[in-house]
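Take a look at the structure below.
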Amino acid sequence: MNKFLNDYLEANNKGKFDKAGMTKEFIGMLEFVDRNFPVGFRKAGNHTQVPRIRFEAISVGVGLALREKPNLKPKNIDWLDSPEFKILTTSDASNSKPKIKKRLEYVRDNLLVAK
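Under the numbering used here, the first residue of the sequence shown is numbered 37, with each subsequent residue one higher.
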């Protein structure tokens, strides 16, 4: 994980930081989640806490999907309750680069697929 973060920071600190653009993208992601996910980032309506790994998967996955399709209107979000998503976002899920990538792409791909 440290190498991944160090490589990312090194590569992205060379260019100009677009704070306004990143803020707009982040707010857009939050608004999308608010509009389309009935319980937001939570697992269920009665839960008060959100596991970091779940927040990471949903927030980044939504952001990636919105980059590809800014006016995205998901047809189905049942995959949030799927056994596969549960496995990908449990607290013992690995933080290896391939596992992180799989979580993020799972959310992105399920949002972009026309069901």
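Glycine included, C-beta positions come from ideal geometry on N, C-alpha and C. Keep in mind the model is a prediction, meaning the values are calculated, not measured.
So the alpha helix (DSSP H) residue i belongs to, where does it begin and stop?
i: residue 80; result: No alpha helix (DSSP H) holds residue 80; DSSP gives it neither H nor E.
i: residue 134; result: 133-148
i: residue 95; result: 88-104
i: residue 116; result: Where residue 116 is concerned, there is no enclosing alpha helix (DSSP H), given that its DSSP letter is neither H nor E.
i: residue 69; result: 55-72
i: residue 45; result: 38-48
What's the gap between the Cα of residue i and the Cα of residue j?
i: residue 48; j: residue 42; result: 10 angstroms
i: residue 78; j: residue 103; result: 23 angstroms
i: residue 100; j: residue 144; result: 6 angstroms
i: residue 44; j: residue 95; result: 18 angstroms
i: residue 84; j: residue 64; result: 23 angstroms
i: residue 54; j: residue 46; result: 16 angstroms
i: residue 107; j: residue 137; result: 23 angstroms
Determine the closest residue to residue i out of the options, with distance taken between C-alpha atoms.
i: residue 72; options: 44, 109, 87; result: 109
i: residue 134; options: 93, 82, 75; result: 93
i: residue 111; options: 149, 65, 54, 51; result: 149
i: residue 118; options: 139, 51, 83; result: 139
i: residue 122; options: 98, 136, 90, 132; result: 90
Answer with buried or exposed for residue i, where buried requires no fewer than 16 other C-beta atoms within 10 angstroms of its C-beta.
i: residue 38; result: exposed
i: residue 57; result: exposed
i: residue 88; result: exposed
i: residue 75; result: exposed
i: residue 68; result: buried
i: residue 146; result: buried
i: residue 126; result: exposed
i: residue 97; result: buried
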